[in-house]
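Student: Below you'll find the structure I mean.
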Amino acid sequence: MTLLTRTLTGLALAAAIAIVARHARSLSGTGAWAATVIGTLATAAGWRWCVVLLAFFFSSTLLSRWRRAPKEQATRAVVEKGGNRDAWQVLANGGVFALCALGAIVVPSAPWALAGVGALAAATADTWATEVGTAIGGIPRTIFGWVPVPAGTSGAVSWAGTLAMVTGAAFLGTVAAYAGFDWRVGGAVVAGGVAGALADTLLGATLQAGRWCPACLAPTERKVHHCGTVTAHRAGWEFLDNDAVNLTSCVGGAVVALLVGRVT
Ligand SMILES: [Zn+2]
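Using the numbering used here, the first residue of the sequence shown is number 673, and each one after it goes up by one.
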């Protein structure tokens, strides 16, 4: 198939999936546009790129829909955004992967696959950890001090979430290997995925912006609390919100996958 045919097929496929996801409230309107662009670039780069993106998208969507109502109930005081992913969330998770897919089209070379799929493995590991952790992980604890905190708090961990993180990275590495990237790439992206998700947790526990609701006297990541009160910046770097942390985690996944893939 030529590049033009793949691009047009990818556009049709990505737009169809994005429209369904929009109607199922898994993506917002802007999120659907961003997902269409990423899906088109991935398919244009090659079917194996499309397959790993579908593996990330469908596994993450299924896990977010699993026990969605109790999870939203448990985390709505804390988390900034719900399951209806907007363009920033989509780009924070899939942007590095899409740029590497574009790179592979323009200047074909092996490292693009390591970096791109490594970034996507980090997004997969982090999403699986969050969705499984908030569904069945019980009360999470901070990684420094092991203090119990509300579900959805960035930088907090649970055993179920941590197991899901490693499984998510291994899942994406396995799909990548079977999709036509070789096992060297598959193994390297598992390492990148775990490292990126760990970086996400560490940043969440340290530099990520923390806010405070003066009415509820409660910590939160929301700019406007679920009670309607405007919250105040309290800790961390104000610009480093959850999307910025996810993006950083993907860059970390790309770099570690590149390093591991080069030495193995
Ligand atoms: Zn409040």
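Glycine is no exception: its CB is placed at the ideal position from the N, C-alpha and C atoms.
Can you determine whether any heavy atom of ligand 1 sits closer than 8 Å to the C-beta of Thr-825, and answer yes or no?
Tutor: Incorrect: Thr-825 has no Cβ contact closer than 8 Å to ligand 1.
Student: Looking only at DSSP bridge pairs, what is Thr-892 linked to?
Tutor: Per DSSP, Arg-883.
Student: How is the alpha helix (DSSP H) around Ala-690 delimited, first residue to last?
Tutor: Its alpha helix (DSSP H) spans residues 675 to 695.
Student: Can the beta-carbon of Ser-826 be found closer than 9 Å to that of Ile-811?
Tutor: Not a contact, by the Cβ cut-off of 9 Å.
Student: For Val-862, tell me which candidate among Val-928, Gly-766, Trp-719 and Arg-697 has the shortest Cα-Cα distance.
Tutor: It is Val-928.
Student: Can you check DSSP and say which residues form a bridge with Arg-757?
Tutor: Looking at the DSSP assignment, Arg-757 forms a beta bridge with Leu-699.
Student: Would Gln-880 be called buried (16 or more neighbouring beta carbons within 10 Å of its own) or exposed?
Tutor: So Gln-880 counts as buried.
Student: At a cut-off of 8 Å, is Cys-899 close to ligand 1 when judged by its beta-carbon and the heavy atoms of the ligand?
Tutor: Checking every heavy atom of ligand 1 against the Cβ of Cys-899, one is found closer than 8 Å.
Student: Sorted by chain position, which residues of the same chain lie with C-beta nearer than 6 Å to Ala-704's C-beta, five sequence neighbours on each side aside?
Tutor: Excluding residues within five positions, the ones whose Cβ falls inside 6 Å are Ala-690 and Arg-694.
Student: Find the nearest neighbour of Leu-870 within the set Trp-784, Val-750 and Trp-800, judged by alpha-carbon distance.
Tutor: For the residues Trp-784, Val-750 and Trp-800, the minimum Cα distance to Leu-870 belongs to Trp-800.
Student: Please identify the residue among Gly-864, Ala-707, Leu-676 and Thr-892 whose C-alpha is closest to the C-alpha of Gly-876.
Tutor: Taking only the C-alpha atoms, the option nearest Gly-876 is Thr-892.
Student: At a threshold of 8 Å, does Thr-903 count as lining ligand 1 (C-beta to nearest heavy atom)?
Tutor: Because some heavy atom of ligand 1 lies under 8 Å away, the Cβ of Thr-903 counts as near it: yes.
Student: Just verifying my parser: in three-state terms, what is the DSSP assignment at Val-804?
Tutor: In the structure shown, Val-804 sits in a helix (DSSP, three-state: H, G or I).
Student: Would you call the stretch 761 to 776 and the stretch 789 to 805 touching, i.e. three or more CB-CB distances under 8 Å?
Tutor: Contact between the stretch 761 to 776 and the stretch 789 to 805 is present, because at least three Cβ pairs lie under 8 Å.
Student: Can the beta-carbon of Val-932 be found closer than 9 Å to that of Gly-859?
Tutor: Closer than 9 Å, so yes.
Student: Anyone know if the C-beta pair for Val-917 and Gly-824 falls short of 9 Å?
Tutor: No, Cβ-Cβ distance for Val-917 and Gly-824 is not below 9 Å.
Student: Within the present structure, is the beta-carbon of Ala-746 separated from the nearest heavy atom of ligand 1 by less than 8 Å?
Tutor: No, the beta carbon of Ala-746 sits no closer than 8 Å to any heavy atom of ligand 1.
Student: Quick check on DSSP: helix, strand or coil for Val-862?
Tutor: The answer is helix: DSSP assigns Val-862 an H, G or I state.
Student: Roughly how many angstroms lie between the CA atoms of Pro-742 and His-897, to the nearest whole one?
Tutor: Between Pro-742 and His-897, the C-alpha separation is close to 18 Å.
Student: Start and end of the beta strand (DSSP E) containing Arg-906?
Tutor: Run containing Arg-906: 904 to 907, per the beta strand (DSSP E) assignment.
Student: Locate the alpha helix (DSSP H) running through Trp-721, then write down its first and last residues.
Tutor: Note, Trp-721: alpha helix (DSSP H), 719 to 737.
Student: Just to check my reading of the structure: Leu-713 and Ala-770 have Cβ atoms closer than 8 Å, yes? What is that Cβ distance to the nearest angstrom?
Tutor: Right, their Cβ atoms sit about 5 Å apart.
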